[in-house]
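Asks:
Numbering (this note's numbering), first residue to last: 16 to 158.
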């Protein structure tokens, strides 16, 4: 029914991506918006701004040949001012974040003994955070 009258509703904590004739046009904030489909406007999709959590489970071997299961919880959210980048530049953010976390854990833990791995969990968490920030900055600057 909203399409018939060219009206769309964007829910709270969500933004919508508006396209005109298949090209990005605008990021729509929560509320009611007019999208005249007869003039080529359409809704490409929605993007949640809520905080999301991704639990990454990784099995790796320590320096003293002990296998450990490492669980890293990564919390992330899209920023409203960068919704365009989040919608068009990332094909599957959860899988991409998970891959980078795997890489950092598998690079960090094998350098440590089992006891040191538990003691230095904050250092491993900081390494994951730094790597994700670096990759996100590169993604934003590469396009």
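We treat Cβ as the ideally placed atom computed from N, Cα and C, and that holds for glycine.
Taking buried to mean at least 16 other C-beta atoms within 10 Å of its own C-beta, is residue 114 buried or exposed?
Replies: Counting from 1 along the chain shown, the entry for residue 114 is found at position 99. Answer is exposed; the Cβ neighbour count stays below 16.
Asks: Under a three-way DSSP split, which group does residue 34 fall into?
Replies: For the purposes of this step, residue 34 is taken as residue 19 along the chain shown, with counting starting at 1. DSSP places residue 34 in strand when its eight states are reduced to three.
Asks: Output the residue ranges of the beta strand (DSSP E) runs that lie fully inside the stretch 26 to 89 and measure 3 residues or longer, sorted by chain position.
Replies: The stretch 26 to 89 contains these whole beta strand (DSSP E) runs: 29 to 35, 38 to 43, 46 to 49, 56 to 63 and 67 to 76.
Asks: Could you check what DSSP says for residue 163 in three-state terms: helix, strand or coil?
Replies: Outside the displayed span of the chain (16 to 158) sits residue 163, for which this structure offers no information.
Asks: Which of the three DSSP states is assigned to residue 144 in this structure?
Replies: The residue you call residue 144 lines up with position 129 of the chain shown. In this structure, residue 144 counts as helix in the three-state DSSP scheme.
Asks: Counting along the chain, where does the alpha helix (DSSP H) carrying residue 113 start and finish?
Replies: Your numbering for residue 113 matches position 98 in the chain shown. Run containing residue 113: 108 to 123, per the alpha helix (DSSP H) assignment.
Asks: If distances are taken between C-alpha atoms only, which option among 20, 152, 92 and 138 comes closest to residue 28?
Replies: Position 13 of the chain shown, counted from the start, is the residue given in the question as residue 28. Nearest C-alpha to residue 28: 92.
Asks: Rounded to whole angstroms, what is the Cα-Cα separation between residue 119 and residue 135?
Replies: Here residue 119 refers to the residue found at position 104 when the chain shown is read from its first residue. Here residue 135 refers to the residue found at position 120 when the chain shown is read from its first residue. Between residue 119 and residue 135, the C-alpha separation is close to 14 angstroms.
Asks: Measuring straight from C-alpha to C-alpha, what distance separates residue 66 and residue 97?
Replies: As a working mapping, residue 66 is identified with position 51 in the chain shown. As a working mapping, residue 97 is identified with position 82 in the chain shown. If you take the alpha carbons of residue 66 and residue 97, they lie about 15 angstroms apart.
Asks: Round the Cβ separation of residue 133 and residue 73 to the nearest angstrom and send it over; I've been treating them as touching at under 8 angstroms.
Replies: On the chain shown, residue 133 is found 118 positions in, with the first residue counted as 1. On the chain shown, residue 73 is found 58 positions in, with the first residue counted as 1. 15 angstroms between Cβ atoms; not a contact.
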